[in-house]
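Student: Have a look at this one before I ask anything.
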Amino acid sequence: MIVPDAVLGVLGGGQLGRMFTIAARSMGYRVWVLDPDPHSPAGAMADRHLQAGYRDQAALSEMGTACAAVTTEFENVPAETLEFLEARLPVRPGSAAVATARDRIREKTFIREQGLATAPFVPIRRPEELEPACAQLDMPALLKTAQLGYDGKGQVPVTDLAEAQQGFTQLQEAPCVLEQRVELALELSVILARSANGETALFPVSENVHAGGILDTTYVPARVPAAVAEQANDMARALADAMDYCGVLAVEFFLTGDGQLLINEMAPRPHNSGHYTVDACLTSQFEQQVRTLCGLPPGATTLLSPVVMVNILGDLWEPGTPPWQQLLSHPQAKLHLYGKRHARPGRKMGHYNCLAKDLDTAIAIAEQIRGALHRQV
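If you want the working numbering, it's the position in the sequence shown, counting the first as 1, plus 559.
In structure tokens:
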């Protein structure tokens, strides 16, 4: 076990790295952050910010010498960076799991190989593969880049072959998946923590609502039958076990109109839909990241209160500084801002959690605050 006052490293300096750093420092660890951004939100909270690129050999060598273990904030860290560090110290999650999760073709193929359901899809690597793929799937569909797509980026809706060809050109003929659209009833996610010896703790299943491809609101507990929640947990656990995963893993699901549960994608890290855990669970997803990185058993994931999480995007700043007093004056709301210097439309700037004795009350509080914050927009 790695205990306080050891140095932990994190690759990536955005809001997820920031919240990891806060959790780790609260537990008595020191934290080094590697991120090229001089205004990195995580770097501002760390004991040391290595302002360097992810392939910078000098910075990686320094981190490999000083840190007891390293984790990642996002899945698009270069593979050679993870492999360089893995040769020197524990890196959790490991490079193999990260490589699977960051490429949609590998990810969806791997999920299917475990006997788990996804929406129908066909890998697209060359233009000539589009015609047979469109014939194989029921239209409409989504053309999604295999890598670097998030928050609705790197996706093109298509209804026929001509649009698919146009979309592939628009995406610069990067490797893609063509994925059949399914009739959605709900979107769900499961966040779990798995230790190096396979001990697993699952957080309550969350119900998610997206707007413009970006997560907008999360409701916990999810308003689904217990059998659906249990199935989602079982599917997420099966994926983690199949990868011999160590760390925090997020698995996103589609619940279709006819009750079928499909895995959409997974993220080898804490997830936006798990931010409610910071205020509403006995252990947060970020403390779990620290614990699994350090060889400690996962903490208890008991839900202390029904909760609604609402994302705060940069659009809210367009008329000026948001009226935070409207939120902070409410005793059941918790504000979390990420320390980003510049607000832009669609950029995640923070979130707030609303806790109450029941979910309906938490929803009412969240929507009341949303209305008050957006009156100026």
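C-beta: ideal position from N, C-alpha, C; glycine also.
Quick check on R684: buried or exposed, where buried means 16 or more other Cβ atoms within 10 Å of its Cβ?
Tutor: Exposed, by the Cβ-count rule.
Student: Taking D719 as the reference, give the member of C735, A795, Q706 and L689 with the closest Cα.
Tutor: Of the candidates C735, A795, Q706 and L689, the one whose C-alpha sits nearest the C-alpha of D719 is L689.
Student: Beta-carbon separation of M560 and I581 under 8 Å?
Tutor: Result no, Cβ atoms of M560 and I581 do not sit closer than 8 Å.
Student: According to the neighbour-count rule (16 or more other Cβ atoms, all chains shown, within 10 Å of its Cβ), is V749 buried or exposed?
Tutor: That one is buried.
Student: With a Cβ-Cβ cutoff of 8 Å, do K897 and G909 count as a contact?
Tutor: With the sequence shown as reference, residue 897 is identified as Tyr, and Lys is not the correct amino acid for it. Contact flag set, yes.
Student: Quick test of your reading: E766 and A781, contact by CB under 8 Å. State the CB separation rounded to the nearest angstrom.
Tutor: Yes, they are in contact, since the Cβ atoms of E766 and A781 sit about 4 Å apart, within 8 Å.
Student: Is Q610 helix, strand or coil when you go by DSSP?
Tutor: Q610 falls in the coil class under three-state DSSP.
Student: Looking at the unbroken beta strand (DSSP E) that takes in Q725, where does it start and where does it end?
Tutor: Element bounds for Q725: not the beta strand (DSSP E) but the alpha helix (DSSP H), L720 to Q729.
Student: Just checking, does the segment 671–686 make contact with the segment 859–877 on the three C-beta pairs under 8 Å criterion?
Tutor: No, because fewer than three Cβ pairs between the segment 671–686 and the segment 859–877 fall closer than 8 Å, the two stretches do not touch.
Student: Which residue from L743, L570, D919 and G816 puts its Cα closest to that of Q610?
Tutor: For the residues L743, L570, D919 and G816, the minimum Cα distance to Q610 belongs to L570.
Student: Along the chain, where does the beta strand (DSSP E) containing D775 start, and where does it finish?
Tutor: Unbroken beta strand (DSSP E) run through D775: I773 to V779.
Student: Put R572 into one of helix, strand or coil per three-state DSSP.
Tutor: According to the sequence provided, residue 572 is Gly. The question's Arg does not apply to it. Of the three classes helix, strand and coil, the one that applies to G572 here is coil, per DSSP.
Student: Where does H901 land, buried or exposed, given buried means 16+ other C-beta within 10 angstroms?
Tutor: It is exposed - the Cβ of H901 has fewer than 16 other Cβ atoms within 10 Å.
Student: Should D564 be labelled buried (16 or more other beta-carbon atoms within 10 Å of its own) or exposed?
Tutor: D564 comes out exposed.
Student: Closer than 8 Å by C-beta to E666: which residues in its own chain qualify, once you throw out the five before and the five after it? Chain order, please.
Tutor: These residues qualify, in order along the chain: T659, A660, E824 and M825.
Student: So which of G818, Q847, D817 and G816 has the shortest CA-CA distance to H830?
Tutor: It is Q847.
Student: I need the straight-line Cα distance from P763 to V779, nearest angstrom please.
Tutor: Spanning the two alpha carbons is a distance of roughly 7 Å.
Student: Is G757 a contact residue of the ligand NAD, with contact defined as CB to any heavy atom under 7 Å?
Tutor: Of the ligands one can find in the structure shown there are none, so the ligand NAD has no counterpart to examine.
Student: Check each candidate in N912, K899 and P734 and name the one with the smallest Cα separation from D596.
Tutor: If we check each option's Cα against that of D596, K899 comes out closest.
Student: For L887, count the other beta carbons within 10 Å of its own beta carbon; 16 or more makes it buried, fewer makes it exposed. Which is it?
Tutor: When all chains shown are included, L887 counts as exposed.
Student: Just the C-alpha distance for G602 and S585, rounded to the nearest angstrom, thanks.
Tutor: C-alpha separation (whole angstroms): 16 Å.
Student: Return helix, strand or coil for M578, following the three-state DSSP convention.
Tutor: Reduced to three states, the DSSP call for M578 is helix.
Student: Excluding the 5 residues flanking R647 on each side, which residues of the same chain have their C-beta closer than 7 Å to its C-beta?
Tutor: Counting only Cβ-Cβ distances below 7 Å, and skipping sequence neighbours, we find G623.
Student: What does a CB cutoff of less than 7 Å around A799 pick up in its chain, not counting 5 residues either side in sequence?
Tutor: So the qualifying residues of the chain are L751, R753, T759 and L808.
Student: Could you tell me the alpha carbon to alpha carbon distance between A892 and L761, rounded to whole angstroms?
Tutor: Rounded to the nearest angstrom, the two C-alpha atoms are 24 Å apart.
Student: Considering K667, what are the terminal residues of the alpha helix (DSSP H) in which it resides?
Tutor: First-last of the alpha helix (DSSP H) with K667: R663 to E672.
Student: Since H769 sits in a beta bridge, which residues does DSSP pair it with?
Tutor: Answer by DSSP bridge pairing, in chain order: L774.
Student: From A791 to L820, what distance separates their C-alpha atoms?
Tutor: Near 7 Å, if we compare the C-alpha coordinates of L820 and A791.
Student: Give the single residue among V717, C805 and Q724 whose Cα lies nearest to the Cα of Q956.
Tutor: One cannot answer for residue 956 here, as it falls past the ends of the chain, which runs 560 to 936.
Student: Since G909 is in the beta strand (DSSP E), which residue starts that stretch and which ends it?
Tutor: Taken as a continuous stretch (DSSP letters only), the beta strand (DSSP E) holding G909 covers K907 to L914.
Student: Quick one, are the C-beta atoms of L942 and L644 less than 8 Å apart?
Tutor: An answer regarding residue 942 cannot be provided, because it is not within the stretch 560 to 936 covered by the chain.
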